[in-house]
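Asks: Got a structure for you, questions after.
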Amino acid sequence: MQTIIARHLYARIWLAAAACVTVLGLLIAWGWHAAEAEHERDRQRERQSATELRQHPMRELIVRDADGRPIGRGQLQWKHGRGHEFAVVLTDGRVLLIQRAPRVQEDAAALPPPPSSPSGGGPHAAPDEPGKNTAGKTAPRSAGPRGGEGDGPPFWLRPPFGFLWVIGLAGLAVMAGIYPVARRLTQRLERLQRGVQQWGEGDLAVRLPEDGHDEVADLSRRFNAAAARIQSLMAAQKSLLANASHELRSPLARIRMALELMGERPSPAVRAEVTRNIAELDQLIDEILLASRLDAQEADLGSIESVDLLGLMAEECARTGADFAPASGLHEAAVPGVAKLLRRAVRNLLENAARYGGEQPASATLALEAAPAGKPGKGLAVIRVSDHGPGVPPELRERIFEPFYRLPGASEREGGVGLGLALVRSIAQRHGGSVRCLASEEGGACFELRLPLA
Numbered sequence: 001m002q003t004i005i006a007r008h009l010y011a012r013i014w015l016a017a018a019a020c021v022t023v024l025g026l027l028i029a030w031g032w033h034a035a036e037a038e039h040e041r042d043r044q045r046e047r048q049s050a051t052e053l054r055q056h057p058m059r060e061l062i063v064r065d066a067d068g069r070p071i072g073r074g075q076l077q078w079k080h081g082r083g084h085e086f087a088v089v090l091t092d093g094r095v096l097l098i099q100r101a102p103r104v105q106e107d108a109a110a111l112p113p114p115p116s117s118p119s120g121g122g123p124h125a126a127p128d129e130p131g132k133n134t135a136g137k138t139a140p141r142s143a144g145p146r147g148g149e150g151d152g153p154p155f156w157l158r159p160p161f162g163f164l165w166v167i168g169l170a171g172l173a174v175m176a177g178i179y180p181v182a183r184r185l186t187q188r189l190e191r192l193q194r195g196v197q198q199w200g201e202g203d204l205a206v207r208l209p210e211d212g213h214d215e216v217a218d219l220s221r222r223f224n225a226a227a228a229r230i231q232s233l234m235a236a237q238k239s240l241l242a243n244a245s246h247e248l249r250s251p252l253a254r255i256r257m258a259l260e261l262m263g264e265r266p267s268p269a270v271r272a273e274v275t276r277n278i279a280e281l282d283q284l285i286d287e288i289l290l291a292s293r294l295d296a297q298e299a300d301l302g303s304i305e306s307v308d309l310l311g312l313m314a315e316e317c318a319r320t321g322a323d324f325a326p327a328s329g330l331h332e333a334a335v336p337g338v339a340k341l342l343r344r345a346v347r348n349l350l351e352n353a354a355r356y357g358g359e360q361p362a363s364a365t366l367a368l369e370a371a372p373a374g375k376p377g378k379g380l381a382v383i384r385v386s387d388h389g390p391g392v393p394p395e396l397r398e399r400i401f402e403p404f405y406r407l408p409g410a411s412e413r414e415g416g417v418g419l420g421l422a423l424v425r426s427i428a429q430r431h432g433g434s435v436r437c438l439a440s441e442e443g444g445a446c447f448e449l450r451l452p453l454a
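Residue 377 in full-length UniProt numbering sits at position 377 of the sequence shown; the count goes up by one each step and never skips.
Now the structure itself:
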């Protein structure tokens, strides 16, 4: 579960929204409960007032002045939120509302004290009961914001205002919970947008931070990989153009010099030199074109077929004079690929070993290996080409696969322009394989080419 949350952005957004909705539901439930509790308190007050009214059955009230003359008559009525009260209509047309005194001490302290005797000069409120004419006094009071009972909450906390407060607070809680997730997401997307824009403006070295394990981090990693690949291709193209111009200039200069020395009757040596330079120039152009087509992944370089490496190796070793020793009991080694490209890769390895391997012939082996654990496939065909030359220093065993790179001390007279091994690596990668340089047991260099079997 933790892995899903860490790797998927939608899961984190969904959980944040679910948590906010849960909090909102809890707050609404609390507000609903508070409203129900308030309603229950109102009902209890109504029942209590009804009980008190039954215990003290005062239905009609006559108000008299200090001289005992009636100045108004009122009827008992019930007002929601204020309780029981008497609405007394005075002789001058005014309406006097008479309520019970509040039970809460602080509310009662805000009212003037009642007069001590009927002769105090104020109006008298007397219940009109059969057989009695008792003047009961009470202070008139209008319904205030806390109602007639005087012990309820303020009006802004009573329904429906209290429920609106709950909804507002719940909305603020949802916004506060969603904001950090949304802001963090937009910040990472803004960084991605700025990086892509900067890269599109020509800064090919820009890279994006790869923090996290979700979709945005995966997109950043893919962008960085693509940017590195494009930067590498652009650098390789610039290097190819720079080195190709230099390499083309050398045979052309030799041809021009040979033509100047040729005269009317050129010697066989001059003819041979011109022929060799033209062949070198033709090979260079062919390798440059092949390298460019290999870099273009969508280029059609030929149909894929099953290629017999055993027969191909035997033919190329016979052509270059190399010793070929396939593994014991090996009768077939078929790999899927383009036959002319695989032949070109094997030929480049054998010619490179013959060029730098000294007077002794190169040796080549072919064996089959099982596929690495956890990887699909029938196995690998492993080609090893060894020479008897000085070998390759460990720190340069990767650089020799760069286009136009020659080992220090190598001369143009030995042949080659530095594209052979680069083509071998490109062909191997095109076929899902690999190539590397190792130290040979015979003291020279050993090149190992691995290709997946059909």
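We treat Cβ as the ideally placed atom computed from N, Cα and C, and that holds for glycine. All values derive from a computational prediction rather than experimental measurement.
Which residues in the same chain as valine 70 place their Cβ atom closer than 6 Å to its Cβ, once the five residues preceding and following it in sequence are excluded?
Replies: Numbered from its first residue, the sequence shown carries residue 70 at position 70. Checking the displayed sequence, the identity of residue 70 turns out to be proline instead of valine. These residues qualify, in order along the chain: Ile62 and Arg64.
Asks: Does the distance from the CB of glycine 358 to the CB of leucine 368 come in under 8 Å?
Replies: Start at 1 with the first residue of the sequence shown, and residue 358 comes out as number 358. Start at 1 with the first residue of the sequence shown, and residue 368 comes out as number 368. Cβ atoms of glycine 358 and leucine 368: not closer than 8 Å.
Asks: Helix, strand or coil for arginine 141 per DSSP?
Replies: Your numbering for residue 141 matches position 141 in the sequence shown. Note that arginine 141 has pLDDT 40, beneath the 50 cutoff, so the model's placement of it is unreliable and no number is given.
Asks: Which residues in the same chain as serine 142 place their Cβ atom closer than 7 Å to its Cβ, once the five residues preceding and following it in sequence are excluded?
Replies: Against the sequence shown, residue 142 aligns to sequence position 142. Note that serine 142 scores a pLDDT of 39, beneath 50, so its modelled location is shaky; the value from the coordinates is reported in the next line. The residues are Leu97.
Asks: Reducing DSSP to helix, strand and coil, say where glutamate 201 ends up.
Replies: Here residue 201 refers to the residue found at position 201 when the sequence shown is read from its first residue. If DSSP states are grouped into helix, strand and coil, glutamate 201 belongs with coil.
Asks: Would the beta-carbon of glycine 433 fall within 8 Å of that of leucine 451?
Replies: Residue numbering aside, residue 433 sits at position 433 when the sequence shown is read from its first letter. Residue numbering aside, residue 451 sits at position 451 when the sequence shown is read from its first letter. Contact: yes.
Asks: Here's a check: name, in chain order, each residue in its chain whose Cβ is nearer than 7 Å to the Cβ of proline 403, leaving out the five neighbours to either side.
Replies: The sequence position of residue 403 within the sequence shown is 403, counting from 1. Counting only Cβ-Cβ distances below 7 Å, and skipping sequence neighbours, we find Ala236, Ser239, Leu240, Asn243, Ala291, Gly418, Leu419 and Ala422.
Asks: Look up alanine 327 in the DSSP assignment and say whether it is helix, strand or coil.
Replies: Numbered from 1 along the sequence shown, position 327 holds the residue referred to as residue 327. Three-state result, alanine 327: coil.
Asks: Cα separation between alanine 34 and tryptophan 165?
Replies: Locating residue 34 in the sequence shown gives position 34, counting from the first residue. Locating residue 165 in the sequence shown gives position 165, counting from the first residue. C-alpha separation (whole angstroms): 12 Å.
Asks: Measuring alpha carbon to alpha carbon, tell me which residue in Pro251, Leu309 and Leu261 is nearest aspartate 282.
Replies: As a first step, residue 282 is located in the sequence shown; it is residue number 282 there, counting from the start. Considering only alpha carbons, the answer is Pro251.
Asks: If you reduce the DSSP assignment to three classes, tell me which class glycine 210 lands in.
Replies: Taking the sequence shown and counting its residues from 1, the one referred to as residue 210 is at position 210. Note that residue 210 is glutamate in the sequence shown, not glycine. Looking at glutamate 210 - three-state DSSP - the assignment turns out to be coil, as it is neither helix nor strand.
Asks: Roughly how many whole angstroms lie between the Cα atoms of glutamate 40 and leucine 90?
Replies: In the sequence shown, the residue the question calls residue 40 occupies position 40. In the sequence shown, the residue the question calls residue 90 occupies position 90. One C-alpha to the other measures close to 36 Å.
Asks: Going by C-alpha distance, which of Val307, Val382 and Arg355 is nearest alanine 336?
Replies: One-based indexing of the sequence shown puts residue 336 at position 336. Alanine is not the amino acid found at residue 336; the sequence shown has proline there. Cα-wise, what sits closest to proline 336 is Val307.
Asks: Excluding five sequence neighbours on each side, which residues of the same chain lie with their C-beta closer than 6 Å to the C-beta of glycine 389?
Replies: Counting from one through the sequence shown, the residue named residue 389 turns up at place 389. For glycine 389, where only same-chain residues beyond five positions count, the Cβ hits under 6 Å are Tyr356, Gly357, Gly358 and Gly444.
Asks: Compute every distance between the C-beta of valine 307 and the non-hydrogen atoms of the ligand NAD, then say whether any falls below 7 Å.
Replies: In the structure shown, the ligand NAD is absent, as is every other ligand, since no ligand is present at all.
Asks: Taking Cβ positions, are phenylalanine 223 and leucine 204 nearer each other than 8 Å?
Replies: Along the sequence shown, read from residue 1 onward, the residue named residue 223 stands at position 223. Along the sequence shown, read from residue 1 onward, the residue named residue 204 stands at position 204. In this structure, leucine 204 does not lie closer than 8 Å to phenylalanine 223 by Cβ.
Asks: Where glycine 391 and valine 435 are concerned, what is the direct C-alpha to C-alpha distance, given to the nearest angstrom?
Replies: As a position in the sequence shown, residue 391 is number 391, starting the count at 1. As a position in the sequence shown, residue 435 is number 435, starting the count at 1. The alpha-carbon atoms of glycine 391 and valine 435 are separated by roughly 16 Å.
Asks: Helix, strand or coil, according to DSSP, for alanine 439 in the structure here?
Replies: Sequence index remark: in the sequence shown, residue 439 carries index 439 (1-based). Alanine 439: strand per DSSP, three-state reduction.
Asks: Taking just the CA atoms, how far does leucine 24 sit from alanine 17?
Replies: Within the sequence shown, residue 17 is the residue found at index 17, counting from 1. Within the sequence shown, residue 24 is the residue found at index 24, counting from 1. When rounded, the distance between both Cα atoms is 10 Å.
Asks: Below 7 Å CB to CB, which residues in the same chain sit around leucine 312 once its five sequence neighbours on both sides are set aside?
Replies: The residue labelled residue 312 in the question sits at position 312 within the sequence shown. Answer for leucine 312: Leu342, Arg343 and Val346, listed in chain order.
Asks: Excluding the five sequence neighbours on either side, which residues of its own chain have a C-beta within less than 6 Å of the C-beta of valine 174, listed in chain order?
Replies: Counting from one through the sequence shown, the residue named residue 174 turns up at place 174. Cys20 and Leu24, listed in sequence order.
Asks: Short of 7 Å in beta carbon distance, which residues of its chain neighbour arginine 249, apart from the five on each side in sequence? Order them along the chain.
Replies: For the purposes of this step, residue 249 is identified with residue 249 of the sequence shown, where counting begins at 1. Closer than 7 Å at the Cβ level, and outside the excluded window around arginine 249, lies no residue.
Asks: Determine the DSSP secondary structure at threonine 91, reduced to helix, strand or coil.
Replies: As a working mapping, residue 91 is identified with position 91 in the sequence shown. It is coil, neither helix nor strand.
Asks: Does DSSP put arginine 12 in a helix, a strand or coil?
Replies: Position 12 of the sequence shown, counted from the start, is the residue given in the question as residue 12. If DSSP states are grouped into helix, strand and coil, arginine 12 belongs with the helices.
Asks: Would you identify the three-state DSSP class for glutamine 44, choosing helix, strand or coil?
Replies: On the sequence shown, position 44 is the one that residue 44 refers to. Of the three classes helix, strand and coil, the one that applies to glutamine 44 here is helix, per DSSP.
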